[in-house]
Amino acid sequence: MGNDTKENSFEEVEKTSNDEDEEYEDFEDDEASREIVVPGEVLTEDTKTFMPGRGTIYNKERTKIISLNIGLKQVKRNYINVIPLRGFYTPRPGDKVIALVIDKNPVKYRCDIGAKDFGTLKPKNTIKRSKMGSYRGGGRGSRDRSQNNEESNTSKFDIGDILIVKILSADRLNQPELTTVGKYLGKRNNGVVISIDPPKIPRIIGRNGSMIKMLNNLTNSNIFVTQNGRIWLKGEDLAHERLLIEAIQKIASEAHTVGLTDRMQEFIINEKKKRGLE
Amino acid sequence: MPLVIKDEYPEKLFREDGKRLDGRDLTELRPIKMEVGVINNADGSAYLEWGNNKIFAAVYGPREVHPKHLAKPDRGILRIFYRMATFSVFDRKRPAPGRREKEISMIVSDCLEPILFLELYPGTSFEVFIEVIDADGGTRCASTTVAALALADAGVPMKSLVSAIAVGKIDGKRVVDLSGIEDKAGEADLPIAITWYNEEISLLQFDGDMDLEEMNDFLNLAEEALKKIHQIQLDSLKSKYIAIQEEYSEEKGGKGD
Numbered sequence: 001m002g003n004d005t006k007e008n009s010f011e012e013v014e015k016t017s018n019d020e021d022e023e024y025e026d027f028e029d030d031e032a033s034r035e036i037v038v039p040g041e042v043l044t045e046d047t048k049t050f051m052p053g054r055g056t057i058y059n060k061e062r063t064k065i066i067s068l069n070i071g072l073k074q075v076k077r078n079y080i081n082v083i084p085l086r087g088f089y090t091p092r093p094g095d096k097v098i099a100l101v102i103d104k105n106p107v108k109y110r111c112d113i114g115a116k117d118f119g120t121l122k123p124k125n126t127i128k129r130s131k132m133g134s135y136r137g138g139g140r141g142s143r144d145r146s147q148n149n150e151e152s153n154t155s156k157f158d159i160g161d162i163l164i165v166k167i168l169s170a171d172r173l174n175q176p177e178l179t180t181v182g183k184y185l186g187k188r189n190n191g192v193v194i195s196i197d198p199p200k201i202p203r204i205i206g207r208n209g210s211m212i213k214m215l216n217n218l219t220n221s222n223i224f225v226t227q228n229g230r231i232w233l234k235g236e237d238l239a240h241e242r243l244l245i246e247a248i249q250k251i252a253s254e255a256h257t258v259g260l261t262d263r264m265q266e267f268i269i270n271e272k273k274k275r276g277l278e
Numbered sequence: 279m280p281l282v283i284k285d286e287y288p289e290k291l292f293r294e295d296g297k298r299l300d301g302r303d304l305t306e307l308r309p310i311k312m313e314v315g316v317i318n319n320a321d322g323s324a325y326l327e328w329g330n331n332k333i334f335a336a337v338y339g340p341r342e343v344h345p346k347h348l349a350k351p352d353r354g355i356l357r358i359f360y361r362m363a364t365f366s367v368f369d370r371k372r373p374a375p376g377r378r379e380k381e382i383s384m385i386v387s388d389c390l391e392p393i394l395f396l397e398l399y400p401g402t403s404f405e406v407f408i409e410v411i412d413a414d415g416g417t418r419c420a421s422t423t424v425a426a427l428a429l430a431d432a433g434v435p436m437k438s439l440v441s442a443i444a445v446g447k448i449d450g451k452r453v454v455d456l457s458g459i460e461d462k463a464g465e466a467d468l469p470i471a472i473t474w475y476n477e478e479i480s481l482l483q484f485d486g487d488m489d490l491e492e493m494n495d496f497l498n499l500a501e502e503a504l505k506k507i508h509q510i511q512l513d514s515l516k517s518k519y520i521a522i523q524e525e526y527s528e529e530k531g532g533k534g535d
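Order-wise, the sequence lines are chains S and U. So the first sequence is numbered by this note's numbering: it starts at 1 and just counts up by one. So the second sequence is numbered by this note's numbering: it starts at 279 and just counts up by one.
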């Protein structure tokens, strides 16, 4: 069991934290401004020094800056941002997300990625191309070898499978296209998937991955955090997994408070003692 | 033999001491209680108790539109489903949506649309389900208020909240927030909704008769009441988060000392 988890360890920590440095680091800092704002709230009337950033707009006369979301007010240089506390996931190219296969036909899979559209996963995006000719069309040899004896191209995954996929393309109008070729991607056969509010994902990761590293070390488990609010995790045993899930839900509900990492560390250590896990 | 009870209205809508039948002053609101995040499986939700009105609202979206022909290629749509529970009124309400439900769904939708950025979500819909559990006058205003709250709780980007209230005339006097009986027996009622972004009127309906000159007074009356309602909306949205914040900031302060 112990060996197994080590073999399967994916170094998720580094990857997930590196991905979203630019966009999400701002959730963490500025401990001073933890002011909660709601839609329509006037953030400032000083439009000469400040400009509306993320989650904010001018009013019609450009005399005020107004919040669009329920979230935390944050001033960064001369921009005023609102970091949302609630919201939905909008797919962007390059995101790694956890998908559930909900339908398949001979040419593609349809996957629920927690966004407004279902993602499409084409079979060509599930197979790593070798140097010898491409998959279908280009390479006659590969077709003979791998495809002839199979009835359809979509026999690799089944409905109900949990996949970790990368989004290849996504825009407002078309269904996002997915791929399972890449590091850490592909089907997961074990573990648990839980989901939280997508805007709170940066908090689970923490600044430079501090929170997720802490969770990893203390509960000795594998965690894969994805941008659509779904988290794959696998612990040593059921008790550890249960503790980890509780911890993650606690982080999500207290995402807007200060000093969360230290508090969570305390919480986990205390709970471990209470439950006799160590 | 079905039991038929005729609607009987009292002759006077004011008590001896000059107060209204439920003991309110002319411009006094009924007690209002709001709460957000009451339905776990919805993307956003809110609950409102406004006098005897009890209303739930749940928001889902953005998601695919069904039936597909309703989807618009250039913008999202906002669909409101206003429904009354069968036990919400004195006589059993037939559960099928009737003319009234469809109308209220439409006006709430039209009222909330200007504050949303629907053009950012083409081909999708936001769906708001408003379920009236208990009704006692002014449910269209209450529904608008609670729907705006639920949308904000869902994290849908919006320019501002929307608040609504009914003002009217009963026994020749101008009053705010009509209850069910005042609504039916009164002379005029005027539901008003306001979008706080630019303070524009988003809904204005009228039933009964009054002078045109009185209109301004009614609008002024409504404005004051709407501000109170807006404040309750803001508080209910924030309170959930602030409570958690305070819990830990105190703890932290204690440690620092």
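Every residue, glycine too, gets a C-beta built ideally from N, C-alpha and C. No experiment lies behind these values; they were computed from the predicted model shown.
Within 8 Å (strictly less), CB to CB, does residue i reach chain U?
i               : result
E278 of chain S : no
F267 of chain S : no
K254 of chain S : In the sequence as presented, Lys is not what sits at residue 254 of chain S; that position holds Glu. Chain U, which has a Cβ nearer than 8 Å to the Cβ of E254 of chain S, makes this yes.
G40 of chain S  : yes
R86 of chain S  : yes
R172 of chain S : yes
R263 of chain S : yes
N270 of chain S : no
T179 of chain S : no
Excluding the five sequence neighbours on either side, which residues of its own chain have a C-beta within less than 6 Å of the C-beta of residue i, listed in chain order?
i               : result
V343 of chain U : A349 and S403
A255 of chain S : K200 and R203
N148 of chain S : Confidence in N148 of chain S is poor, its pLDDT being 49 and thus under 50, which makes the residue's placement unreliable; the coordinate value appears in the next sentence. Within the same chain, N148 of chain S has no close Cβ partners at all.
P123 of chain S : N153 and T154
P373 of chain U : T364
How about residue i: is its C-beta nearer than 8 Å to some C-beta of chain S?
i               : result
L390 of chain U : no
T422 of chain U : no
P345 of chain U : no
N476 of chain U : yes
S438 of chain U : yes
T402 of chain U : yes
E342 of chain U : yes
Q523 of chain U : yes
I472 of chain U : no
Starting from the Cα of residue i, find the closest Cα among the options and give me that residue.
i               : options                           : result
I102 of chain S : S:M264, S:I205, S:R207 and S:G160 : S:G160
E35 of chain S  : S:N81, S:R263 and S:N270          : S:N81
I411 of chain U : U:D285, U:I443, U:W328 and U:A363 : U:A363
R129 of chain S : S:T180, S:D158, S:I83 and S:V165  : S:T180
A336 of chain U : U:N330, U:L326 and U:V282         : U:L326
D513 of chain U : U:L304, U:K297 and U:V314         : U:V314
S195 of chain S : S:G40, S:L215, S:R230 and S:L185  : S:R230
T422 of chain U : U:D352, U:K371 and U:L504         : U:L504
D369 of chain U : U:D285, U:F484, U:I443 and U:V316 : U:D285
I470 of chain U : U:L515, U:A432 and U:T417         : U:T417
A432 of chain U : U:A324, U:F292 and U:S383         : U:A324
A463 of chain U : U:F395, U:L281, U:P280 and U:R298 : U:R298
D467 of chain U : U:I479, U:E477 and U:F496         : U:F496
Could you tell me how far apart the beta carbons of residue i and residue j are, in whole angstroms, since I believe they sit closer than 8 Å?
i               : j               : result
I245 of chain S : V225 of chain S : 13 Å between Cβ atoms; not a contact.
M356 of chain U : E391 of chain U : Before going further, note that residue 356 of chain U is Leu rather than Met in the sequence given. Sure, about 5 Å apart at Cβ, within 8 Å.
V406 of chain U : A425 of chain U : 5 Å
S307 of chain S : G55 of chain S  : Residue 307 of chain S cannot be examined here, being either before or after the span of chain S that is shown, 1 to 278.
G71 of chain S  : V37 of chain S  : 6 Å
G280 of chain S : I167 of chain S : This structure does not reach residue 280 of chain S, given that chain S is present from 1 up to 278, and the question cannot be answered.
Y109 of chain S : L100 of chain S : Going by Cβ atoms, the distance from Y109 of chain S to L100 of chain S rounds to 10 Å, so no, they are not a contact pair.
E271 of chain S : L243 of chain S : 6 Å
T261 of chain S : M211 of chain S : 5 Å
Apart from the five residues just before and just after residue i, which ones in its own chain have a Cβ nearer than 8 Å to its Cβ?
i               : result
G87 of chain S  : N69, D197, P198 and P199
T47 of chain S  : Y58, R62, T63, K64 and I65
D414 of chain U : G329, N330, N331, S457 and G458
K250 of chain S : M264 and F267
H240 of chain S : T219, N220, S221 and L277
Using DSSP bridges, identify the partner residues of residue i.
i               : result
C281 of chain S : Residue numbering for chain S in the displayed model covers 1 to 278; residue 281 of chain S lies beyond these limits and cannot be assessed.
Y184 of chain S : Note: Y184 of chain S sits in no beta bridge, so no partner.
S210 of chain S : Paired residue(s): none; S210 of chain S is not in a bridge.
F404 of chain U : U:L356
G229 of chain S : Note: G229 of chain S sits in no beta bridge, so no partner.
V165 of chain S : S:V97
V314 of chain U : U:A324
Kindly list the residues whose CB is nearer than 7 Å to the CB of residue i, restricted to its own chain and excluding five residues on each side of it in sequence; keep chain order.
i               : result
W220 of chain U : This structure cannot settle anything about residue 220 of chain U, because the visible part of chain U is limited to 279 through 535.
D300 of chain U : S457
L499 of chain U : T305, V445, R452 and V454
N190 of chain S : K234
A320 of chain U : A336, V337 and Y338
A247 of chain S : L215, M264, F267 and I268
T44 of chain S  : F50, I65 and I80
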